[in-house]
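Enquirer: Structure in structure tokens, see below.
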Amino acid sequence: MQDISVFTRRIDDHLASHSGPCAVLVIEISRMAELYKLLGQQALDASMAVMAERVLGLCGSGDAVCRIARAQFALFLPNLSHASKALFTASALAARIGEPILVEGRLLYMVAKIGVAVSPDDGTSGQALLRNAAIAQGEVAKSGSAHYLHYTEQMRERLRHQLITETELRQAILDEAFVLHYQPKVAIADGTPIGGEALIRWRHPTRGLLYPMEFIPIAEETGLMVPIGEWALRAACRQIQTWIEAGRQPLQIAVNVSERQFRWGHLPALIDVLLRETGIPPHLLQLEITESVLPEDLEGALRQMAWIADCGVALALDDFGTGYSSLSYLRELPLDCLKVDRKFVQDMEQDSGTRHIVQAIVAMAKAMGLKVVAEGVETEGERSLLRGMGVEEGQGYLFARPLPVKEFELFCGL
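The sequence shown: position 152 = 152 (UniProt numbering), numbered continuously.
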């Protein structure tokens with residue numbers, strides 16, 4: 001295999017003397033980190049040697065291969081008769097690499113994630129083709145299901161946007177450039193305000209007030225959701241403290257907790273610190289979790305939730321029915337309420353099957369002694385159906401949009 005500088009020079013030399021299309025493929029063999037952790041360096045080296053042989057075995061006489069990272073190769077395909085030949089090769093590579101191998105008496109299966117860049121459209125130099133193939137490979141890795149993808153300019157734009165947003169988010173964390181808006185939760189029966197959900201907004205210096213969908217996915221992907229989530233919890237607790245110190249009757253405020261916050265494992269300690277700092281009654285804070293935090297480490301999540309519940313903080317299961325709903329774990333969770341996902345609520349009027357699903361969720365929750373909160377209530381018809389099912393609380397545009405704190409106080413009479 002060639003050194004990377006030799007590899008890119010060879011591509012440049014070819015491009016200087018040939019006008020037909022050529023391609024660079026970046027191939028990552030996934031699961032290598034797990035293999036190393038389970039079986040060690042020797043098994044990793046043996047597996048990569050087999051993978052290298054398989055890549056080389058599919059190369060033609062004029063092709064070139066370079067190892068660019070511990071589990072990554074780059075393949076140069078000169079003199080393609082058609083650009084689609086590169087994707088055909090990527091497909092063949094994915095199939096060949098996916099065949100089982102025997103390592104230390106164990107049958108193992110590897111997965112190839114391959115990015116493809118083809119000249120001249122995707123680059124006119126060795127460095128450009130290699131870089132753009134790597135961008136495409138990154139998109140394959142994110143997709144979860146694809147084995148190979150051809151580079152597009154949209155991929156580069158997404159990467160550029162992510163890097164810029166990540167940099168700006170890091171500065172926003174330092175500057176505390178966030179604000180909480182509060183969506184009232186009301187009694188379905190008469191609309192009396194009985195609580196609120198804190199929803200984060202980013203006060204961007206040039207783009208104005210940004211909603212979570214515009215930055216939370218990147219924050220989750222980059223790990224920044226942990227400090228952002230900590231800020232949101234701290235701000236909500238301080239707001240409750242402010243209401244109490246002003247002599248107002250505070251309402252319970254719900255705060256969303258991300259999967260990453262659970263994965264880091266220090267959420268109970270953070271809650272303990274915040275309760276001590278602010279002195280608020282624990283029951284005035286509710287944590288909303290989604291089902292996605294549960295299956296990967298159910299025991300760890302249960303331990304954290306049990307501690308949080310034991311100190312009096314309320315727990316709600318958000319977006320119920322859209323994830324990995326399972327009674328086998330639901331009965332183990334120290335929950336106070338279930339939140340029916342807005343999709344079910346908004347389909348009830350038109351679809352009898354959806355109404356039956358919501359009825360079943362409500363009946364199950366009541367049998368388990370849980371309160372039910374309906375999300376996304378937008379019409380009087382939805383409200384009437386929910387009231388008939390015995391749903392106690394709701395939130396949605398029918399009652400109020402998420403409001404800045406002063407408007408929330410006016411709405412709730414604080």
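A virtual CB, placed ideally from N, CA and C, is assigned to each residue, including glycine.
Give a yes or no on whether the C-beta atoms belonging to residue 148 and residue 95 are separated by under 7 Å.
Expert: The residue labelled residue 148 in the question sits at position 148 within the sequence shown. The residue labelled residue 95 in the question sits at position 95 within the sequence shown. No, the Cβ-Cβ distance between residue 148 and residue 95 is not below 7 Å.
Enquirer: Can you tell me the Cα-Cα spacing of residue 78 and residue 9, whole angstroms?
Expert: In the sequence shown, residue 78 corresponds to position 78, counting from 1. In the sequence shown, residue 9 corresponds to position 9, counting from 1. One C-alpha to the other measures close to 13 Å.
Enquirer: Please state whether DSSP places residue 288 in a helix, a strand or coil.
Expert: Numbered from its first residue, the sequence shown carries residue 288 at position 288. Note: residue 288 maps to strand in three-state DSSP.
Enquirer: What's the gap between the Cα of residue 136 and the Cα of residue 160?
Expert: By 1-based counting over the sequence shown, the position of residue 136 is 136. By 1-based counting over the sequence shown, the position of residue 160 is 160. Taking the straight line joining both Cα atoms gives about 13 Å.
Enquirer: Does the segment 140-154 come into contact with the segment 171-190, if we say contact requires no fewer than three beta-carbon pairs (one atom in each stretch) closer than 8 Å?
Expert: No, because fewer than three Cβ pairs between the segment 140-154 and the segment 171-190 fall closer than 8 Å, the two stretches do not touch.
Enquirer: Does DSSP put residue 78 in a helix, a strand or coil?
Expert: In the sequence shown, counting from the first residue as 1, residue 78 sits at position 78. DSSP places residue 78 in coil when its eight states are reduced to three.
Enquirer: What does the alpha-carbon distance come out to for the pair residue 241 and residue 351?
Expert: Looking up residue 241 in the sequence shown gives position 241. Looking up residue 351 in the sequence shown gives position 351. When rounded, the distance between both Cα atoms is 44 Å.
Enquirer: For a minimum of 4 consecutive residues, which ranges assigned as the alpha helix (DSSP H) are wholly contained in the segment 145-218?
Expert: If we require 4 residues or more, the alpha helix (DSSP H) runs fully inside the segment 145-218 come out as 153-175.
Enquirer: How about residue 86 and residue 76: are their beta carbons less than 7 Å apart?
Expert: Locating residue 86 in the sequence shown gives position 86, where the first residue counts as 1. Locating residue 76 in the sequence shown gives position 76, where the first residue counts as 1. Going by C-beta atoms, residue 86 is not nearer than 7 Å to residue 76.
Enquirer: Looking at the ligand SAH, does it come within less than 6 Å of residue 56, judged from the CB to the closest heavy atom?
Expert: Ligands in the displayed structure: none, and consequently the ligand SAH is not present.
Enquirer: First and last residue of the beta strand (DSSP E) that includes residue 315?
Expert: As a first step, residue 315 is located in the sequence shown; it is residue number 315 there, counting from the start. Taken as a continuous stretch (DSSP letters only), the beta strand (DSSP E) holding residue 315 covers 314-320.
Enquirer: Rounded to the nearest angstrom, what separates residue 39 and residue 266 at their Cα positions?
Expert: Residue mapping note: residue 39 aligns to position 39 of the sequence shown, counting from 1. Residue mapping note: residue 266 aligns to position 266 of the sequence shown, counting from 1. Approximately 30 Å between the Cα atoms of the pair.
Enquirer: Run through the DSSP bridge pairs and tell me what residue 107 is partnered with.
Expert: On the sequence shown, position 107 is the one that residue 107 refers to. 102, per the DSSP bridge assignment.
Enquirer: Express the C-alpha separation of residue 165 and residue 158 in angstroms, rounding to a whole number.
Expert: Within the sequence shown, residue 158 is the residue found at index 158, counting from 1. Within the sequence shown, residue 165 is the residue found at index 165, counting from 1. Taking the straight line from one Cα to the other gives about 10 Å.
Enquirer: Kindly indicate which three-state DSSP category residue 22 falls into: helix, strand or coil?
Expert: Residue numbering aside, residue 22 sits at position 22 when the sequence shown is read from its first letter. Residue 22 falls in the coil class under three-state DSSP.
Enquirer: If you draw a straight line from the C-alpha of residue 270 to the C-alpha of residue 230, how long is it?
Expert: Locating residue 270 in the sequence shown gives position 270, where the first residue counts as 1. Locating residue 230 in the sequence shown gives position 230, where the first residue counts as 1. Those two C-alpha atoms are separated by around 8 Å.
Enquirer: Thinking C-alpha only, which one of 68, 331 and 208 is nearest residue 5?
Expert: On the sequence shown, residue 5 is found 5 positions in, with the first residue counted as 1. The candidate whose alpha carbon is nearest that of residue 5 is 68.
Enquirer: Quick one: is residue 182 buried, meaning 16 or more other Cβ sit within 10 Å of its Cβ, or exposed?
Expert: On the sequence shown, position 182 is the one that residue 182 refers to. That one is buried.
Enquirer: Could you pull the DSSP bridge partners for residue 27 from this structure?
Expert: Walking along the sequence shown from the start, residue 27 turns up at place 27. DSSP output for residue 27 lists 73 and 114 as bridge partner(s).
Enquirer: Identify which residue in 101, 142, 123 and 88 has its Cα closest to the Cα of residue 113.
Expert: For the purposes of this step, residue 113 is identified with residue 113 of the sequence shown, where counting begins at 1. When each option's Cα is compared against that of residue 113, the closest is 142.
Enquirer: Below 6 Å CB to CB, which residues in the same chain sit around residue 120 once its five sequence neighbours on both sides are set aside?
Expert: Within the sequence shown, numbered from 1, the residue matching residue 120 stands at position 120. Taken in chain order, the list of residues that qualify is empty.
Enquirer: Could you check what DSSP says for residue 65 in three-state terms: helix, strand or coil?
Expert: The residue labelled residue 65 in the question sits at position 65 within the sequence shown. Three-state DSSP puts residue 65 in a strand.
Enquirer: Determine the direct distance from the alpha carbon of residue 203 to that of residue 146, and round the result to whole angstroms.
Expert: Position 146 of the sequence shown, counted from the start, is the residue given in the question as residue 146. Position 203 of the sequence shown, counted from the start, is the residue given in the question as residue 203. Cα to Cα, the separation comes out at about 36 Å.
Enquirer: Is the Cβ-Cβ distance between residue 374 and residue 390 less than 7 Å?
Expert: Stepping through the sequence shown from its first residue, residue 374 is reached at position 374. Stepping through the sequence shown from its first residue, residue 390 is reached at position 390. No. Outside cutoff.
Enquirer: If you follow the beta strand (DSSP E) that residue 252 is in, where does it begin and where does it stop?
Expert: Along the sequence shown, one-based indexing puts residue 252 at 252. Residues 252-256.
Enquirer: Does the segment 306-314 come close enough to the segment 282-289 that 3 or more CB-CB pairs lie under 8 Å?
Expert: In short, these stretches touch, since the Cβ pair count reaches three.
Enquirer: List the residues that DSSP assigns as beta-bridge partners of residue 142.
Expert: If you number the sequence shown from 1, residue 142 lands on position 142. In DSSP, residue 142 forms no bridge with anything.
Enquirer: Name the residue from 34, 330, 20 and 45 whose alpha carbon lies nearest to the alpha carbon of residue 83.
Expert: One-based indexing of the sequence shown puts residue 83 at position 83. Taking only the C-alpha atoms, the option nearest residue 83 is 20.
Enquirer: Apply the 10 Å Cβ neighbour rule to residue 74 and answer buried if 16 or more other Cβ atoms are within range, or exposed otherwise.
Expert: Residue 74 sits at position 74 when you count from the first residue of the sequence shown. Residue 74 should be labelled buried.
Enquirer: Would you give the residue range spanned by the alpha helix (DSSP H) that residue 87 belongs to?
Expert: Locating residue 87 in the sequence shown gives position 87, where the first residue counts as 1. From DSSP, the alpha helix (DSSP H) with residue 87 extends over 84-97.
Enquirer: For the pair the segment 193-208 and the segment 241-254, tell me if three or more CB-CB distances fall below 8 Å.
Expert: Yes, the segment 193-208 is in contact with the segment 241-254.
Enquirer: For residue 234, which residues in the same chain have their Cβ closer than 7 Å to its Cβ, ignoring the five residues on either side in sequence?
Expert: On the sequence shown, residue 234 is found 234 positions in, with the first residue counted as 1. Cβ within range, chain order: 274.
Enquirer: Report all residues from its chain with a CB closer than 6 Å to the CB of residue 100; omit the five preceding and five following residues, and keep chain order.
Expert: The sequence position of residue 100 within the sequence shown is 100, counting from 1. Only 107 and 109 meet the Cβ criterion.
Enquirer: Report the three-state DSSP secondary structure of residue 224 (helix, strand or coil).
Expert: Stepping through the sequence shown from its first residue, residue 224 is reached at position 224. Three-state DSSP puts residue 224 in coil, outside helix and strand.
Enquirer: Look at residue 298 and residue 329 and say whether their C-beta atoms are less than 7 Å apart.
Expert: Locating residue 298 in the sequence shown gives position 298, where the first residue counts as 1. Locating residue 329 in the sequence shown gives position 329, where the first residue counts as 1. Cβ atoms of residue 298 and residue 329: closer than 7 Å.
Enquirer: Would you give the residue range spanned by the alpha helix (DSSP H) that residue 391 belongs to?
Expert: Taking the first residue of the sequence shown as 1, we reach residue 391 at position 391. Segment: none, residue 391 is in no alpha helix (DSSP H) and carries neither H nor E.
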